[in-house]
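A.B. asks: Okay, here's the structure, questions in a sec.
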């Protein structure tokens, strides 16, 4: 974003402690299997080393999935929102930035029975930024984004009955 001083942290995913407890043996086995993988490559057993590489990669992805965090920053002046994904404060990817946001909506996908938080860049252009299993967590994130950007929030959970949620009720 152009002006980092006015970015406000509006949401940070909190991982429960048991996620770290489940991930710790996966990280331990990832490290110990990495040593075995390097030993297999060093001794010339390339096929076994490749198999271990696949297992190490799979275990690391599982452990990272349990411990990564998502942070959302908002800039109410420029109407920009930035999504940041980190693993132990190490960035996992480039930040995703959306500019000139008109409003935020919560949409119920009736075919998948989940709730999507969508940001609207214009009347016809929207992006789904998060998917939730229940409406409470979807509205929690959407409310924080709408408050941080100072834009309106649309409740699109009922088919054909969309409602604007007043800023006073957020």
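In the working numbering, the protein residues as written are 5 to 174. For glycine and all other residues, C-beta sits at the position ideal for the given N, C-alpha and C.
1. Mapping the DSSP letters down to three states, classify residue 98 as helix, strand or coil.
2. Per the DSSP calculation, residue 118 is bridged to which residue(s)?
3. Using 8 Å as the threshold, is the region 52–64 in touch with the region 34–43, meaning 3 or more CB pairs across them?
4. Hey, is the region 112–119 in contact with the region 134–143, meaning 3+ C-beta pairs nearer than 8 Å?
5. Around the C-beta of residue 13, are 16 or more other C-beta atoms found within 10 angstroms, so that it is buried, or is it exposed?
6. For residue 92 and residue 100, which I take to be in contact (beta-carbon distance under 8 Å), what is that distance rounded to the nearest angstrom?
7. Do residue 153 and residue 78 count as a contact pair if the criterion is CB distance below 8 Å?
8. Work out the CA separation of residue 28 and residue 51 for me, nearest whole Å.
9. Among all the DSSP beta bridges, which residues are the ones paired with residue 21?
10. Reducing DSSP to helix, strand and coil, say where residue 137 ends up.
11. Please classify residue 162 as buried or exposed, where buried requires at least 16 other C-beta atoms within 10 Å of its C-beta.
12. Who are the Cβ neighbours of residue 19 in its own chain at under 8 Å, not counting the five residues just before and after it?
13. Tell me the rounded alpha-carbon separation between residue 37 and residue 47.
14. Determine, using beta carbons only, whether residue 159 and residue 149 come nearer to each other than 8 Å.
15. Do you know offhand how far residue 5's Cα is from residue 111's?
16. I'd like to know whether the C-beta atoms of residue 123 and residue 85 end up nearer to each other than 8 Å.
17. Just how far apart, CA to CA, sit residue 24 and residue 17?
C.D. replies: This is what the structure gives:
1. Locating residue 98 in the chain shown gives position 94, where the first residue counts as 1. Here residue 98 sits in coil by DSSP.
2. To locate residue 118, count along the chain shown from 1; it is residue 114. Partner(s): 113.
3. yes
4. yes
5. Position 9 of the chain shown, counted from the first residue, corresponds to residue 13. Exposed, because fewer than 16 other Cβ atoms sit within 10 Å of the Cβ of residue 13.
6. Walking along the chain shown from the start, residue 92 turns up at place 88. Walking along the chain shown from the start, residue 100 turns up at place 96. Not quite, the Cβ-Cβ distance comes to about 20 Å (not below 8 Å), so this is no contact.
7. By 1-based counting over the chain shown, the position of residue 78 is 74. By 1-based counting over the chain shown, the position of residue 153 is 149. A contact, by the Cβ cut-off of 8 Å.
8. Taking the first residue of the chain shown as 1, we reach residue 51 at position 47. Taking the first residue of the chain shown as 1, we reach residue 28 at position 24. If I take the Cα positions, the gap works out to 28 Å.
9. Counting from one through the chain shown, the residue named residue 21 turns up at place 17. Per DSSP, none; premise fails for residue 21.
10. Position 133 of the chain shown, counted from the start, is the residue given in the question as residue 137. Residue 137 falls in the coil class under three-state DSSP.
11. In the chain shown, residue 162 corresponds to position 158, counting from 1. Exposed is the call here.
12. Mapped onto the chain shown, residue 19 falls at position 15. So the list reads 70, 71, 73, once near-sequence residues are dropped.
13. Walking along the chain shown from the start, residue 37 turns up at place 33. Walking along the chain shown from the start, residue 47 turns up at place 43. Approximately 15 Å between the Cα atoms of the pair.
14. What you label residue 159 is simply residue 155 of the chain shown in a count that begins at 1. What you label residue 149 is simply residue 145 of the chain shown in a count that begins at 1. No. Outside cutoff.
15. Locating residue 5 in the chain shown gives position 1, where the first residue counts as 1. Locating residue 111 in the chain shown gives position 107, where the first residue counts as 1. Bear in mind that a pLDDT of 45 at residue 5, under 50, signals an unreliable position, so the number given afterwards is only what the model happens to contain. Those two C-alpha atoms are separated by around 27 Å.
16. Along the chain shown, one-based indexing puts residue 123 at 119. Along the chain shown, one-based indexing puts residue 85 at 81. Cβ atoms of residue 123 and residue 85: closer than 8 Å.
17. On the chain shown, position 20 is the one that residue 24 refers to. On the chain shown, position 13 is the one that residue 17 refers to. Roughly 14 Å between the two C-alpha positions.
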